[in-house]
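What follows is one structure encoded as structure tokens, with my remarks underneath.
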Ligand code: ADP
Ligand code: MG
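Numbering (the numbering used here), first residue to last: 3 to 232.
Given below as structure tokens:
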């Protein structure tokens with residue numbers, strides 16, 4: 003489903019061009035669960051932004067389900083994002099003073115969809131928070147807030163779930179809970195790509211791609227992967 007061919011990215015900072023990705027070739031099939039690892043500054047978030055159609059490569063091709071998305075307009079990219087891709091971030095990015103269920107509904111409100119409450123309730127139940135619908139973000143633990151964010155990412159039933167350091171702000175127990183949830187979603191058919199620099203987190207993935215200085219350094223299938231059950 004995802005095919006990157008010689009993808010390069012450089013940022014323009016005034017007159018200076020900062021090259022960040024130096025030629026990435028990567029294929030991710032439907033149903034995979036991939037961890038992207040690498041030191042800070044190696045280009046993981048830049049790559050994730052391209053995978054998530056938040057940004058386009060400077061050169062190279064990105065085929066998503068056979069469509070070359072590397073040259074699409076912002077409008078077309080926004081459509082693909084809202085229908086195909088769910089995002090999860092390190093800092094949860096929930097709207098404060100807004101209930102869990104309302105946070106989950108937000109993407110549907112932006113899309114002008116009807117029957118939002120039922121979908122939002124289902125999504126919260128899917129992440130194990132059916133009994134926390136009316137709670138505000140500050141009345142939830144970090145792990146619960148991240149689960150709300152995952153429910154929000156699931157609300158449009160995306161094929162691809164992208165998570166940039168989803169456990170970066172969580173303690174070990176909550177991190178493992180979140181990884182188990184992502185594994186369950188992967189088992190249910192979502193393709194999952196997670197950026198992390200924690201080995202314990204990456205152990206849940208079926209495949210680990212390691213980046214260094216804007217290039218893929220290694221790409222390995224994990225045989226002894228952590229299992230969902232304890
Ligand atoms: P990682 O997620 O692996 O820490 P990033 O993709 O965030 O790495 O950043 C890779 C490099 O690109 C860094 O050197 C960073 O300073 C630079 N960079 C990232 N985003 C921008 C931007 N919007 N403008 C200029 N440089 C950027
Ligand atoms: Mg990053």
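For each residue, glycine too, the CB sits at the ideal point set by N, CA and C. Only a predicted model underlies this, so the values are computations on that prediction, with no experimental measurement involved.
The three-state reading of DSSP puts residue 108 in helix, counting H, G and I together.
Within its own chain, the residues whose Cβ lies closer than 7 Å to the Cβ of residue 53, once the five positions on either side in sequence are excluded, are 4, 164, 195, listed in chain order.
In this structure residue 90 is not in contact with residue 30, their Cβ atoms being roughly 17 Å apart against a cut-off of 8 Å.
Of the residues 193, 63, 57, 170, the one whose Cα lies closest to the Cα of residue 39 is 170. Nearest C-alpha to residue 157 among 102, 181, 172, 133: 102. With a cut-off of 8 Å, the C-beta of residue 197 is classified as near ligand 1, since at least one heavy atom of the ligand falls inside that distance. Within the same chain, Cβ atoms closer than 8 Å to the Cβ of residue 209 are found at 34, 35, 36, 37, 221, 222, 223, 224, the five residues on either side in sequence being excluded.
Excluding five sequence positions before and after residue 84, the CB atoms of its chain that fall closer than 8 Å to its own CB belong to 109, 112, 113, 158, given in chain order. Between residue 61 and residue 10, the gap from beta carbon to beta carbon is short of 9 Å. The alpha carbon of residue 80 has as its nearest neighbour, out of 49, 57, 143, the alpha carbon of 57. For residue 92, the closest of 226, 217, 200, 19 by C-alpha to C-alpha distance is 200.
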